[in-house]
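Residue numbers (the numbering used here): 2 to 457. Where is the CB? At the ideal position from N, CA and C, for every residue including glycine. Quantities reported herein were computed from a predicted structural model and do not represent experimental measurements. Working notes, structure below.
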Ligand code: PLP
């Protein structure tokens with residue numbers, strides 16, 4: 002009996018120019034109401050925060066769900082299926098990121114969880130160096146430990162030189178760096194950073210929350226020691242993420258969570274902890290989240306790294322050309338010499354608060370973007386943006402040129418004609434005045450809760 006979901010024929014025949022989605026995603030035809038009446042197909046341009054589920058992922062889970070049962074010590078047939086699913090998913094995720102044979106794949110909740118686990122595993126006395134351009138997930142765990150922050154220089158080249166100098170002067174156990182900025186999409190030269198770190202005896206950890214969905218990664222080839230990423234940004238929004246990397250620190254570290262599943266033997270006096278990954282996976286594991294993540298990895302691998310990159314590059318180019326038509330729009334960039342970027346573009350619109358632009362795009366055009374400071378306050382401060390921040394459009398394998406064109410057309414309309422509707426600030430967020438749009442019944446009443454982090 003085969004429980005594999007075939008992914009053949011799920012890739013668009015001709016998606017090379019971004020004209021159609023590269024891979025089907027759930028919700029691609031979603032219709033959402035407009036504040037001005039009627040409805041429109043939702044243009045999801047917020048993949049960097051959370052990407053929609055791949056169609057293959059949803060059908061894989063529908064296949065697996067009837068077999069869902071306890072793992073590892075369950076004697077029943079369904080338990081054996083679930084255990085195999087979990088452990089094969091672990092192996093699949095490791096293959097997707099080019100893990101070395103002795104690397105460990107630890108399932109966690111998300112990138113934040115993975116980086117906090119890593120922070121607890123750095124050998125005692127070991128110092129960590131991180132940049133000030135990071136998402137808070139790769140900044141606050143180190144800041145809290147009292148580690149060393151390196152201010153990014155005006156150019157990427159100078160930043161790498163500063164990194165080299167800093168590592169020469171200060172003994173460092175780990176360099177923790179993002180693979181791609183969640184604000185500007187700029188890709189960091191991870192291979193080169195790993196070589197610099199290793200030259201000075203430091204390891205390198207990559208926050209791949211943004212990079213992994215957009216570029217093929219190889220820990221072995223790139224010399225990356227640890228990698229963290231989230232399922233919900235990689236088309237598998239079922240609550241799993243991973244930390245992948247070298248076994249020695251993870252085996253020596255205190256169990257990330259104390260509890261069942263992380264132990265070999267327990268007496269009333271003491272505990273003999275298991276080796277990683279079990280050591281850091283106490284409690285009942287998220288089998289379906291792991292299976293979803295593995296299926297997403299498999300689908301992206303089948304789509305091909307080059308095809309994913311070409312698709313997103315076409316969309317990014319189209320958006321940048323579109324935005325460049327308007328003097329009022331400024332696209333954010335960290336470094337003038339950063340050559341590569343993923344499908345993440347942040348910008349400001351003169352005369353309009355970012356929050357108002359985002360509310361307008363949603364209410365009048367059914368376009369979902371993010372606004373704020375994207376959980377990267379130090380970077381936004383560095384880019385001289387106030388608390389209102391910027392607007393961010395982000396896309397991936399389910400996006401099309403039509404989505405991008407709709408965004409550009411909506412921005413043109415805003416600049417030429419102003420919004421059709423009135424907006425007010427409510428609970429710290431812009432919202433349409435007298436918004437007639439209700440939520441679907443299954444969601445319950447709208448909570449209007451403001452995010453503590455103003456967007457991821
Ligand atoms: N790192 C980067 C670069 C991100 O963009 C994000 C989320 O936006 C995170 C880390 C945190 O990811 P998560 O919320 O899944 O833990």
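Between residue 48 and residue 31, the CB-CB gap reaches or exceeds 9 Å. Rounded to the nearest angstrom, the gap between the Cα atoms of residue 429 and residue 296 is 38 Å. For the set 418, 389, 398, 62, the Cα lying nearest the Cα of residue 213 is the one of 398.
With a cut-off of 8 Å, the C-beta of residue 396 is classified as distant from ligand 1, since no heavy atom of the ligand falls inside that distance. Counting other Cβ atoms within 10 Å of its Cβ, residue 418 stays below 16 and is therefore classed as exposed. Pairing residue 241 with residue 109 gives a Cβ-Cβ distance under 9 Å. Using a Cβ distance threshold of 9 Å, residue 171 and residue 119 do not count as a contacting pair. Using a cutoff of 8 Å, the CB of residue 211 counts as near ligand 1, since one of the ligand's heavy atoms is closer than that.
Here residue 37 is exposed, its C-beta having fewer than 16 other C-beta atoms within 10 Å. At a cut-off of 3 residues, the continuous stretches assigned as beta strand (DSSP E) that sit fully inside the segment 349-398 are 371-373, 391-395. Your pair residue 289 and residue 239 checks out as a contact, with CB atoms roughly 6 Å apart and the cut at 8 Å.
Annotated as distal: residue 179 and residue 244, with beta-carbon spacing of 9 Å or more. Under the criterion of beta carbons closer than 8 Å, residue 228 and residue 209 qualify as touching, at roughly 5 Å. Assigned with DSSP and collapsed to three states, residue 139 falls in helix. The bridge partners DSSP lists for residue 106 are 245.
Straight across, the Cα-Cα distance linking residue 322 with residue 411 is about 15 Å. As summarised for the segment 13-44, the continuous beta strand (DSSP E) elements at least 3 residues long and confined to that stretch are 32-34, 40-42, given in chain order. Counting along the chain, the unbroken beta strand (DSSP E) around residue 330 starts and ends at 330-332. The C-alpha of residue 225 is placed about 28 Å away from the C-alpha of residue 23. Of 333, 367, 125, 425, the smallest CA-CA separation from residue 251 is found for 125. Around the beta-carbon of residue 387, fewer than 16 other beta-carbon atoms lie within 10 Å, marking it exposed. Non-local C-beta neighbours of residue 316 in its own chain, meaning closer than 7 Å and more than five positions away in sequence, comprise 19, 344, 396, 400, 402, 405, ordered along the chain. Short of 6 Å from the beta carbon of residue 320, and not among the five residues preceding or following it, lie these beta carbons of its own chain, in chain order: 346, 405. The DSSP-derived three-state label of residue 269 is coil.
Where residue 432 is concerned, the enclosing beta strand (DSSP E) starts and stops at 430-433.
If you compare the alpha carbons of 59, 26, 281, 416 with that of residue 116, the shortest gap goes to 281.
Nearest neighbour of residue 306 by Cα position, chosen from 88, 98, 352, 440, turns out to be 98. If the five residues before and after residue 354 are omitted, its C-beta is found closer than 8 Å to the C-beta atoms of 389, 431, all from its own chain and listed in chain order.
The C-beta of residue 271 has fewer than 16 other C-beta atoms within 10 Å across all chains shown, which makes the residue exposed. DSSP, reduced to helix, strand and coil, places residue 346 within a strand of the structure shown.
Just measuring C-alpha positions, the residue of 64, 408, 265, 219 sitting nearest residue 104 is 219.
Taking non-hydrogen atoms of ligand 1 into account, the C-beta of residue 293 is found less than 8 Å away from none of them.
Taking the C-beta atoms as reference points, residue 394 is found nearer than 9 Å to residue 408. CA-CA distance, residue 77 to residue 70, rounds to 8 Å.
Annotated as proximal: residue 161 and residue 193, with beta-carbon spacing under 9 Å. Scanning its chain for C-beta atoms nearer than 7 Å, with the 5 sequence neighbours on each side dropped, one finds around residue 201 the residues 168, 169, 173, in chain order.
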